[in-house]
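Just remember that my numbering sits 1427 ahead of the position in the sequence shown, which is counted from 1. Cβ coordinates follow ideal geometry from the N, Cα and C atoms, glycine included.
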Amino acid sequence: MKDVQSGELSVDDALLKIKSAPFEDIGYAKVDLHREVRQGTAEVIYGAAKTPDQIIGIADVMIKNGQKTVIVTRIDEETAGRIGEKHHLTYFDKARIAVIGEMPSPSGRGKIVVATGGTSDIPVAEEAAVTAEALGNEVVRLYDVGVAGLHRLLSHKEEIMTASVVIAIAGMEGALASVIGGLADCPVIAVPTSVGYGASFGGLSALLSMLNSCASGVSVVNIDNGFGAGYLASMINKR
């Protein structure tokens, strides 16, 4: 910044240096401190297979360097309790997400709609919804609006047609994404879930159905990847 002030460094060159600034190596992890500068969102801690102490250590570094909201995904209540002994957090049990620090106010352009085919898809939906909210977006939840009773979905046409992005979450044959894709004038992010009987192959059937959607504007994330859908929806809503 001093080089920019003195005229020895251009603003563009300074921004490039900031974007490529180093991480902090704490032995078991290399914490990316400038991801928010590069990508608009700080690093998110994937909690599965990490110990509570490892998560606490990573969060310590992020908070020390000015991060006000730290998202930790895929953790159970016991792990959240251990982290809560060190950091103030809010734990969302259905989503399996802990948010350390403050929940930001919505700053996106519009609303993100999260819709599920059935009640069994709610855990994945909550992961998507809480992720989007923790990234500063307003979220509308439409649960159990699957194609087995199409009138349930059609009763929410206004929410779907006024959304800036829709996350369509379904198992079984995964038809919900195509139906919403035919109604919405915004991007639709399809999330196949591992819900279903034997021939659903743990979500593979829904995944292939969504990938073969005849509706334009439908993109697909991995099976049960609510976090990925919520993150992408936030990027779309904040462009």
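- Boundaries of the alpha helix (DSSP H) around I1663: G1653 to N1664.
- With fewer than 16 other Cβ atoms inside 10 Å of its own Cβ, K1457 counts as exposed.
- Annotation for R1465: the continuous alpha helix (DSSP H) segment containing it runs R1462 to Q1466.
- The C-beta distance from M1599 to G1544 rounds to 7 Å, short enough to meet the 8 Å contact threshold.
- DSSP, read as helix, strand or coil, puts G1528 in strand.
- The continuous stretches of beta strand (DSSP E) do not include I1485, which lies in the alpha helix (DSSP H) extending over residues P1479 to K1491.
- Taken in chain order, the complete alpha helix (DSSP H) segments of 4 or more residues contained in the stretch 1600-1643 are 1603-1608 and 1631-1638.
- Counting along the chain, the unbroken alpha helix (DSSP H) around T1558 starts and ends at I1549 to A1561.
- Secondary structure remark: continuous alpha helix (DSSP H) runs of at least 4 residues inside the stretch 1494-1528, in chain order: 1504-1511.
- Per DSSP, reduced to three states, the secondary structure at D1571 is coil, with no helix or strand assignment.
- Per the coordinates, the alpha-carbon of S1661 lies some 34 Å from the alpha-carbon of Q1432.
- For Q1481 and Y1455, the gap between their C-alpha atoms comes out near 8 Å.
- For A1597, the uninterrupted beta strand (DSSP E) run begins and ends at V1592 to A1597, by DSSP.
- In this structure, the alpha-carbon of N1639 lies about 54 Å from that of K1429.
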